[in-house]
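Here the numbering used here is used: the first residue of the sequence shown is 2, the next is one more, and so on. By construction, the Cβ of each residue, glycine as well, lies at the ideal position given by its N, Cα and C atoms. Working notes, beginning with the structure itself.
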Amino acid sequence: MVPPPRRLRSVSDDAPQSPLRTILAGRAYLGGRLQPVEIAIDEDGRIRSVGKVRTGAPRHDVGDRVILPAATDLHVHLREPGGPAEAETIPTGTVAAAVGGVGLVGEMPNTVPPVVDAEAARAKAGRVPGRAAVDVLLYASPTVPRARAELARVAGGFKLYLSPTTGMETPPPMTEVPGLLRELAGFGLPVAVHAEDPRQFAGPERPRTPVDWNLGRPPRAELAAVEVLSRAPDALRLHVAHVTTAEAADRLRARGFSFEATPHHLLLSDRSGPDARTKVNPPLRSEAERARLWEAFRRGDVPVLASDHAPHPLAEKSLPFDRAPSGVPGVETLLPLMLARVRARELDLPTLLLAACERPARWFGQPIGRIAPGHRANLLVVDFRRRTTVEGRRLHSACGWTPFEGWEAIFPEEHYHDGARIVEAGEYVGPASGRVVRPEYAPS
Ligand code: DOR
Ligand code: ZN
Numbered sequence: 002m003v004p005p006p007r008r009l010r011s012v013s014d015d016a017p018q019s020p021l022r023t024i025l026a027g028r029a030y031l032g033g034r035l036q037p038v039e040i041a042i043d044e045d046g047r048i049r050s051v052g053k054v055r056t057g058a059p060r061h062d063v064g065d066r067v068i069l070p071a072a073t074d075l076h077v078h079l080r081e082p083g084g085p086a087e088a089e090t091i092p093t094g095t096v097a098a099a100v101g102g103v104g105l106v107g108e109m110p111n112t113v114p115p116v117v118d119a120e121a122a123r124a125k126a127g128r129v130p131g132r133a134a135v136d137v138l139l140y141a142s143p144t145v146p147r148a149r150a151e152l153a154r155v156a157g158g159f160k161l162y163l164s165p166t167t168g169m170e171t172p173p174p175m176t177e178v179p180g181l182l183r184e185l186a187g188f189g190l191p192v193a194v195h196a197e198d199p200r201q202f203a204g205p206e207r208p209r210t211p212v213d214w215n216l217g218r219p220p221r222a223e224l225a226a227v228e229v230l231s232r233a234p235d236a237l238r239l240h241v242a243h244v245t246t247a248e249a250a251d252r253l254r255a256r257g258f259s260f261e262a263t264p265h266h267l268l269l270s271d272r273s274g275p276d277a278r279t280k281v282n283p284p285l286r287s288e289a290e291r292a293r294l295w296e297a298f299r300r301g302d303v304p305v306l307a308s309d310h311a312p313h314p315l316a317e318k319s320l321p322f323d324r325a326p327s328g329v330p331g332v333e334t335l336l337p338l339m340l341a342r343v344r345a346r347e348l349d350l351p352t353l354l355l356a357a358c359e360r361p362a363r364w365f366g367q368p369i370g371r372i373a374p375g376h377r378a379n380l381l382v383v384d385f386r387r388r389t390t391v392e393g394r395r396l397h398s399a400c401g402w403t404p405f406e407g408w409e410a411i412f413p414e415e416h417y418h419d420g421a422r423i424v425e426a427g428e429y430v431g432p433a434s435g436r437v438v439r440p441e442y443a444p445s
């Protein structure tokens, strides 16, 4: 879907406001095409105007490179507090996000201790100022009934796990899920759901490969969970995490719910590697299933791209398959892998920008994800000619490995956070200005 053409305003149309800080000149995708633009950014880090700028501030001209909105990744696990720190911390994971072009991450509650009450939420929030390179929205887990109401006033969203996974071993019984969703709808926060129905789990007693893992937690477990979720009240801001099948995507679209697909489910299959590095929940699927999901994504039928960045130390991922933890890192490669697919003409830039920037920002109720007046100047500069290869040892996640080793990628050269450049020549330069954000939905 291409946004309707918009008249480009000039600064002189505007009444004087806070002083301008920078004018960023380059090319941007606006009004349905790539065109030269000048983006005026004010001292508050907001975009003042997009168009021809005649006056007012130092000008930074990036030539024919492309200015994009920074991405929002709705789904990361930064492993803090509780570690393991060899996998990730808030500083390492948010620097990885910044270098990969992600300006806001949704941090999941399955840390140690888990974020199940307001005290744990406040403690986690206290770890962000001065240490996070990008903004963080904190999810909470609604597993403690009496803690929910207070938690809803502190957290940025809820995350509900329907099946056991890392750090969340006891999901609510599926029969209680519809009632819980009705209660959560009353809080007005976004609710993300890990949609696998454990009643459908079967398969080899001792899984030894990703193929076995896929048999054990099969696509029908996802479809069964989607069936239960489809009874959720319309008032619930429901988002389904890491959808792995085109069939589930079709049903969620028909029901009008938000959902995401991850680069690993879009690009890798259960035959991509024999060992536990690609062990993940939900599992990587067959090549045919993966290809169908990719087609849905390409067509624009998957609303959101998110990483489910779930790093584990390589030593743990090198254990025998059945004992290794599930999860793969991905926040730093989320956008760069897809920019390379755009360059290869396998994906349209507008489709990617909607899925990686605009829709997730809207979902979190944030004025980012678009190059438009009034939005925060969270922007990237990308040179589509500068292709590189993903190398785990050069990434910034503490875990030091990636399931995308050797894949083609295009990393942003610059990243602006509230108008300040935090990545230059592809490297993070600070400062750690990330903060905790909560949804700012317009009253409906
Ligand atoms: O593979 C996964 N890893 N899936 C999840 O749901 C959790 C995650 C983790 O935290 O390691
Ligand atoms: Zn996750």
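Taking the DSSP output, what are the residues bridged to Glu425? Answer is Glu428, bridged to Glu425.
By Cβ distance, which residues of its chain are closer than 8 angstroms to Arg422, with the 5 residues on each side in sequence left out? Residues of the same chain with a CB within less than 8 angstroms of the CB of Arg422, apart from the 5 flanking positions on each side, are Glu415, His416, Val430 in chain order.
Is the beta carbon of Met109 within less than 7 angstroms of some heavy atom of the ligand ZN? Met109 Cβ: within cutoff of the ligand ZN.
For Leu231, which of His397, Leu268, Pro179 has the nearest alpha-carbon? Note that residue 231 is Ser in the sequence shown, not Leu. Looking at the Cα atoms, Pro179 is the closest of the given residues.
Residues surrounding the ligand DOR [beta-carbon distance to nearest heavy atom under 5 angstroms]: The filter returns His78, Thr166, Thr167, Val281, Asn282, Ala311, Ser327, Gly328, in chain order.
For Pro4, does the three-state DSSP call read helix, strand or coil? Here the model assigns Pro4 a pLDDT of 37, short of 50, so the residue's position is not dependable, and the following value carries that caveat. Of the three classes helix, strand and coil, the one that applies to Pro4 here is coil, per DSSP.
For Asp419: DSSP bridge partner residues: BP columns for Asp419 are empty, so no partner.
Bounding residues of the alpha helix (DSSP H) (the contiguous stretch that carries Glu184): Taken as a continuous stretch (DSSP letters only), the alpha helix (DSSP H) holding Glu184 covers 178-186.
Per DSSP, the bridge partner or partners of Ala72: According to DSSP, Ala72 bridges with Val103.
Report whether the distance from the Cβ of His240 to the nearest heavy atom of the ligand ZN is below 7 angstroms. Set against 7 angstroms, the gap from the CB of His240 to the closest heavy atom of the ligand ZN is not smaller.
Endpoints, beta strand (DSSP E) assigned at Asp136: Where Asp136 is concerned, the enclosing beta strand (DSSP E) stretches over 136-141.
Around the Cβ of Asp62, are there at least 16 other Cβ atoms within 10 angstroms (buried) or fewer (exposed)? A residue is called buried once 16 or more other Cβ atoms fall within 10 Å of its Cβ, and Asp62, having fewer, is exposed.
What's the call for Met2, buried or exposed, on a 16-neighbour Cβ count within 10 Å? Bear in mind that a pLDDT of 35 at Met2, under 50, signals an unreliable position, so the number given afterwards is only what the model happens to contain. Label assigned to Met2: exposed.
Using alpha carbons as the reference points, say which of Gly401, Gly420, Pro208, Pro440 lies closest to Glu89. Comparing Cα-Cα distances from Glu89 to each of Gly401, Gly420, Pro208, Pro440, the minimum goes to Gly401.
Do Val305 and Leu75 have their C-beta atoms closer together than 8 angstroms? For Val305 and Leu75, yes; Cβs fall inside 8 angstroms.
Cβ separation of Glu197 and Ala226, assumed to be a contact under 8 angstroms, to the nearest whole Å: Yes, Glu197 and Ala226 are in contact; Cβ-Cβ is about 6 angstroms, under 8 angstroms.
For Asp45, which residues of its own chain have a beta-carbon under 6 angstroms away from its beta-carbon, when the five flanking residues on both sides are left out? These residues qualify, in order along the chain: Ser19.
Chain-order list of residues whose beta-carbon lies under 7 angstroms from that of Ser273 (same chain, five-residue window excluded): Here the set comprises Thr279, Leu285.
If you drop the 5 nearest sequence neighbours on each side, which residues of the same chain put their C-beta closer than 8 angstroms to that of Pro264? Only residues of its own chain outside the window of five on either side were considered, and among them Leu306, Ser308, Gly331, Thr334, Leu335, Leu338, Met339, Phe405 have a CB closer than 8 angstroms to the CB of Pro264, listed in chain order.
Leu182 and Leu237 closer than 8 angstroms at C-beta: Contact flag set, yes.
Determine the burial state of Val281: buried for a count of at least 16 other Cβ atoms within 10 Å of its Cβ, exposed for fewer. By the neighbour-count criterion, in which a residue is buried when 16 or more other Cβ atoms sit within 10 angstroms of its Cβ, Val281 is buried.
For Glu170, the nearest candidate out of Pro115, Pro321, Leu139 (CA to CA): Glu170 has its Cα closest to that of Pro115, out of Pro115, Pro321, Leu139.
State the Cα-Cα distance for the pair Ala72 and Val424, rounded to the nearest angstrom. The straight-line gap from Cα to Cα measures roughly 14 angstroms.
Would you check if the distance between the CB atom of Ile372 and the CB atom of Ile42 is smaller than 8 angstroms? Not in contact: Ile372 and Ile42 (Cβ atoms no closer than 8 angstroms).
Determine the extent of the beta strand (DSSP E) in which Glu44 is found, giving its start and end residues. In the DSSP annotation of this structure, Glu44 is not part of any beta strand (DSSP E), being labelled neither H nor E.
Quick one: what's got a C-beta closer than 6 angstroms to Pro5's C-beta in the same chain, skipping five residues either side? In this predicted model, Pro5 has a pLDDT of only 37, less than 50, meaning its place in the structure is not dependable; the value taken from the coordinates is given anyway. Within the same chain, Pro5 has no close Cβ partners at all.
What do you reckon, is the C-beta of Asp136 under 7 angstroms from a heavy atom of the ligand ZN? The ligand ZN never approaches Asp136 closely enough for any of its heavy atoms to be under 7 angstroms from the residue's Cβ.
Check whether the Cβ of Asp235 sits closer than 7 angstroms to any heavy atom of the ligand ATP, and report yes or no. Within the structure as shown, the ligand ATP is missing, the only ligands being the ligand DOR and the ligand ZN.
Inter-residue Cα distance where the pair is Ala141 and Gly366: Computed Cα separation, rounded: 17 angstroms.
So the alpha helix (DSSP H) Leu294 belongs to, where does it begin and stop? Boundaries of the alpha helix (DSSP H) harbouring Leu294: 288-299, taken from the DSSP string.
Cβ-based burial, Glu347 [other Cβ within 10 Å; buried from 16]: Sixteen is the threshold: since fewer than 16 other Cβ atoms of the shown chains lie within 10 Å of the Cβ of Glu347, the residue is exposed.
Pick out whichever of Leu163, Pro351, Thr95 has its Cα sitting closest to the Cα of Glu428. Glu428 has its Cα closest to that of Thr95, out of Leu163, Pro351, Thr95.
How far does the alpha helix (DSSP H) with His265 in it extend, from its first residue to its last? Where His265 is concerned, the enclosing alpha helix (DSSP H) starts and stops at 264-268.
Give the list of continuous alpha helix (DSSP H) stretches no shorter than 4 residues that lie fully inside the stretch 307-392. Segments of the alpha helix (DSSP H) lying fully in the stretch 307-392: 315-318, 335-344, 350-354, 360-364.
Tell me the rounded alpha-carbon separation between Lys160 and Pro413. Their backbone Cα atoms lie some 30 angstroms apart in a straight line.
Alpha-carbon spacing of Arg207 relative to Pro275, whole angstroms: Arg207 and Pro275 have their C-alpha atoms roughly 15 angstroms apart.
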